[in-house]
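For the record, the sequence lines run as chains U and G.
Start counting the first sequence at 554; every next residue gets the next number (this note's numbering).
Start counting the second sequence at 73; every next residue gets the next number (this note's numbering).
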Amino acid sequence: MEGDSLILITAAKKIQAGATAVKVATSWRLLSRLESLEAKLQNPHSITFQHVRRTANQVADRMANQGVSQTSQYFSGSLDIVEDEQLKKDCIALVQKDLSPPRMRVVVSHTSLWLVSRASVRPNKPCIPGGLALNVTARSI
Amino acid sequence: MAGRLVLIKSVLQAMPLYLFSTLAAPKWVLKAIRDLQRNFLWGSTGRNRKWALVNWKEVCKLKTEGGLGLRDPLQSNNTMGARMWWNWLSKPHSPWARLWQAKYARGSQWHDLIRINSIAQGSPIWNAAKIHSRFIQEHSFWEIHSGTLAKLWEDSWQQLPKLENLFQMPLWQSYMQQENLIQVHQFWQQTQHQEYQIWRPANSWQRDWASETYLDLDQELTQRRIRYSNQQDKLRWDHKHKGTFTTKEAHQLRYSDTQGDQDQLWARVWLPGLWPKISTFLWLLSKRRILTWDNLIKRGFIGPSRCPNCNLHTETISHLMETCPLAKELWEKVEKCNKRTAPRGEDVTDNIRSWDKNPFKSQLLNTLWGLIPGFLYWLLWKERNSRIFNNTSRTTDALWLIYKRNIQETLAIRTWYDTDMPEAQQERDIFKEWNLDLSAFAKVITRPPRSSTSPSSWSPPACNSFKLNFDGAAKGNPGPAGFGGIIRSHTGAPLHIYYGSLGKDTNNVAEMEGLWQGICLAE
């Protein structure tokens, strides 16, 4: 997980829950922007803040890198009118990738086999007493 | 004493704060409050007087500077007065602030109040606050937005020193005033339209000097990283953190002794996880003020001077804690258990100061190592008192068992009974020596649940909703920064994209800008 985004999203969630910007800001430079956000969140919008991993935020990540590489430009508009061909191509590819079903690859991080003596050994995964249980901890990437 | 310290902080120090926030209390009142706090700290009552072992000034220092972190009533009163003045400057629309402005600063705009020098006499509340105007003036600055309120030369802005202090140049200042370059936005407008001209004196040496100075000034102004907007300039508190006034920061700024590096000794004394009563005892021990017989004799006490633990030598702090046979035996057990030599000079304070920090790879063993001297000194002191006052004594083995049990329990609480066996063989042996089976203590407390993980793949929002993905990036902190984002519908179709550069800025500001621009566009 990215640390910087998590700090900001946590602050935004706290402001949404009623905390003041002064309480959650970590620096005076961030404070003025959080104060603006605080004023904006008082309008009757329905905004849900959620932190995502970098893999779920690839388009925005590409955009931010584009922002860093630019010197004094600001662009805002639809994808069709982007002049930078490479950026346009990258964005379309990443948007398509987001829409495609996730490719599952399971990484087995822990495997063990044991004889189940009692049914209550693993209450969240019921198994038959006297049988064999395979414990696999896996994660998808 | 640790309990009394907490009570003083939460009750005796807190009670007069309401009075202090509005009035400058008379000196005799402040002295009476200080006496109450001091007597309570050292356990003195009307009939039963106790020695104040440490000077009150030392007690009122920060914990990192060798004190107990208490605040003297006079200092508290001053800090609260400064707070009052800050509130007047930063909340100009509140009724009382408008009353003050009408009464004491007639004809001045609120943004001029920070520069007020001649201040009229007035009500007691006003008098209590006004004496802190200079302190506030010196430690505040303008955050520039439109640049219409901050003065170019006279004010501090963007958390940097005033230009008039940086560039001691009356000629430049008069030139600026002549060209109507008084406020920040005027300077900005002229430089933007390239109308700004360097003052060019006739003589060549003056010309060289002026162009060099201009380069310095230009560099200085570039460093201040201004991003102009239509908002009004904001007054900020110039200290470490958030830009808002806090009494804690103001107190530290005014009264802490920030000369030189902080002594590592106090970090060892106020170690997190150490029991408060042990930390307080270590504090007294580090100041060499515990009442061993040698200290008692200095205070005029006449009596036996033998060490009660060995009954052989004169009792001094270094003997009791380091060279007494009982202490030696326990220290040897500690060294054997940890397979590591502990700092063992004769001076206890030096030993605590030079205690190794994090010598192991295992975090648990490092925590254990940090707890060792505090618990051992405290145990030796308890045993000494028990032998003198209760006439009971325990063997070295019994003391060692108590010592191990105390450390095990403390570690169990620190780690939520969740310990991993270290990887290195030597550390595994130490782990076994200490018998750190902390699950034996897991009876009542359970570890708090871990926070849920963030999704790792993009998912569309609910029907008739939009999803904004934003990000900020900075190469360095601060460094070249940018932000970007995309707004998509519930079908996943991209509706709007944006990106921009921020110049040199921090990662957090870049993230915030990404969010802010995204929300503005989503609206």
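Idealized CB from N, CA, C, for every residue including glycine.
Q: Could you name the residues of chain G that U/GLY630 contacts, counting a contact when the two beta carbons are closer than 9 Å?
A: Residues of chain G passing the Cβ test: HIS568, ILE569, TYR570.
Q: Using a cut-off of 7 Å between C-beta atoms, extract the partners of G/ASN541 located in chain U.
A: Result: ASN610, VAL612, ALA613.
(Q) Going by C-alpha to C-alpha distance, which of U/VAL635, U/VAL605, U/SER629, U/GLN619 sits closest to G/SER526? (A) The candidate whose alpha carbon is nearest that of G/SER526 is U/VAL605.
Q) Which runs of the beta strand (DSSP E) spanning at least 3 residues fall entirely within the region 572–635 of chain U, listed in chain order? A) Taking only runs of at least 3 residues, the beta strand (DSSP E) segments lying wholly in the region 572–635 of chain U are 627–630.
Q: Could you tell me the boundaries of the alpha helix (DSSP H) in which G/ASP422 lies?
A: Here the alpha helix (DSSP H) through G/ASP422 covers 420–425.
Q. Of all the alpha helix (DSSP H) runs that stay within the bounds of the region 378–451 of chain G, which reach a length of 4 or more residues?
A. Taking only runs of at least 4 residues, the alpha helix (DSSP H) segments lying wholly in the region 378–451 of chain G are 397–410, 420–425.
Q | Supposed contact pair G/ALA74 and G/LYS349 - C-beta distance, whole angstroms, cut 8 Å | A | Indeed they touch by this definition, with Cβ atoms about 4 Å apart.
Q | Rounded separation between G/ASP310 and G/LEU325 - CA only | A | Cα to Cα, the separation comes out at about 10 Å.
**Q.** When G/CYS382, G/TRP225, G/ALA192 are compared against G/ARG466, the one with the closest alpha-carbon
**A.** When G/CYS382, G/TRP225, G/ALA192 are compared, the shortest CA-CA separation from G/ARG466 is found for G/CYS382.
Q. Mind checking G/VAL83: buried by the 16 CB within 10 Å criterion, or exposed?
A. With a 10 Å radius around the Cβ and a threshold of 16 neighbouring Cβ atoms, G/VAL83 comes out exposed.
Q: Compare the Cα-Cα distances from G/SER573 to each of G/VAL341, G/ALA546, G/ALA594 and report the closest residue.
A: Ranking G/VAL341, G/ALA546, G/ALA594 by Cα distance to G/SER573 puts G/ALA546 first.
Q: Check distances from the C-beta atoms of the region 160–171 of chain G to those of chain U and list, in chain order, the residues that come in under 7 Å.
A: Within the region 160–171 of chain G, no residue qualifies.
Q | CB contact check: U/ASP557 to chain G, cutoff 8 Å | A | For U/ASP557, the nearest beta carbon of chain G is closer than 8 Å to its own beta carbon.
Q. Cα separation between G/ARG187 and U/ILE568?
A. Between G/ARG187 and U/ILE568, the C-alpha separation is close to 34 Å.
Q) With C-beta atoms as the reference, is G/ASN579 less than 8 Å away from G/GLY557? A) G/GLY557 is positioned such that its CB atom lies no closer than 8 Å to that of G/ASN579.
(Q) Give me, in chain order, the residues of the same chain whose beta-carbon lies closer than 8 Å to that of U/LYS641; leave out the 5 immediate sequence neighbours on both sides. (A) Residues of the same chain with a CB within less than 8 Å of the CB of U/LYS641, apart from the 5 flanking positions on each side, are LEU632, VAL635 in chain order.
Q: Give every residue of the same chain whose Cβ lies closer than 8 Å to the Cβ of G/PRO380, excluding the five residues on either side of it in the sequence, and list them in chain order.
A: Here the set comprises GLU387, ARG456, ARG459, ILE460.
Q | Assumed close pair G/ILE474, G/LEU448 - CB separation to whole angstroms, cut-off 8 Å | A | So it is not a contact: roughly 11 Å between Cβ atoms.
**Q.** G/THR352 versus G/LEU113, G/THR468, G/SER328, residue with shortest Cα-Cα distance
**A.** Of all alpha-carbon atoms in G/LEU113, G/THR468, G/SER328, the one lying nearest the alpha-carbon of G/THR352 is that of G/LEU113.
Q.
Once the 5 residues before and after G/GLY194 are set aside, which same chain residues still bring their CB inside 6 Å of it?
A. Take G/GLY194, set aside five residues on each side of it, and the residues of its chain with a beta-carbon closer than 6 Å to its own are TYR176, in chain order.
Q.
Tell me which residues share the same chain as U/ARG675 and place their Cβ nearer than 6 Å to its Cβ, disregarding the 5 neighbours each side in the sequence.
A. Confidence in U/ARG675 is poor, its pLDDT being 46 and thus under 50, which makes the residue's placement unreliable; the coordinate value appears in the next sentence. Excluding positions up to five away in sequence, the list is empty.
Q | Proximity below 8 Å, CB of G/LYS411 to CB of G/ILE502 | A | The answer is yes: Cβ separation under 8 Å.
Q) Quick one: what does DSSP say G/ILE197 is sitting in, helix, strand or coil? A) Look at G/ILE197 here: in three-state DSSP terms it is helix.
Q) At a CB-CB cut-off below 7 Å, which residues of chain U make contact with G/ALA553? A) Near G/ALA553 (Cβ distances below 7 Å), the residues of chain U are VAL621.
Q. Which residues of chain G have a Cβ atom closer than 9 Å to the Cβ of U/LYS593, listed in chain order?
A. Residues of chain G with a Cβ closer than 9 Å to the Cβ of U/LYS593 are, in chain order, TRP588, ILE591, CYS592, GLU595.
(Q) According to DSSP, simplified to helix, strand and coil, what is G/ASN149? (A) In the three-state scheme derived from DSSP, where H, G and I count as helix and E and B as strand, G/ASN149 is classed as helix.
Q) What is the rounded straight-line gap between the Cα of G/LEU79 and the Cα of U/TRP581? A) Take the alpha-carbon of G/LEU79 and the one of U/TRP581: they are about 34 Å apart.
Q.
What does the alpha-carbon distance come out to for the pair G/PRO167 and U/SER599?
A. Those two C-alpha atoms are separated by around 35 Å.
Q. Any idea if G/HIS265 is buried or exposed, counting beta-carbon neighbours within 10 angstroms, 16 or more meaning buried?
A. Since pLDDT at G/HIS265 reaches only 46, below the 50 mark, its modelled position is unreliable, and no value is offered.
Q.
Just to confirm my understanding: we take G/ALA553, look at its own chain, exclude 5 residues before and 5 after, and list those with CB closer than 6 Å. What are they?
A. Cβ within range, chain order: ALA546, LEU574, ASP577, ALA582.
(Q) Less than 8 Å between C-beta atoms, sequence neighbours within five positions excluded: which residues of the same chain meet that for G/GLU499? (A) Counting only Cβ-Cβ distances below 8 Å, and skipping sequence neighbours, we find PHE432, LYS433, SER434, LEU437.
Q) Using a beta-carbon distance below 8 Å, is G/SER218 in contact with chain U? A) Closer than 8 Å: no.
Q. Do U/ALA565 and U/GLU588 have their C-beta atoms within less than 8 Å of each other?
A. The Cβ atoms of U/ALA565 and U/GLU588 lie no closer than 8 Å to each other.
Q: Return the bridge partner residues of G/ALA545 from the DSSP annotation.
A: Answer is G/GLY554.
Q | Where G/GLY30 sits in the DSSP three-state scheme | A | As shown, chain G starts at 73 and ends at 595. That puts residue 30 of chain G outside it, with no answer to give.
Q. Taking Cβ positions only, does U/ALA617 come closer than 8 Å to chain G?
A. Among the residues facing chain G, U/ALA617 is included, as its CB has a counterpart in that chain under 8 Å away.
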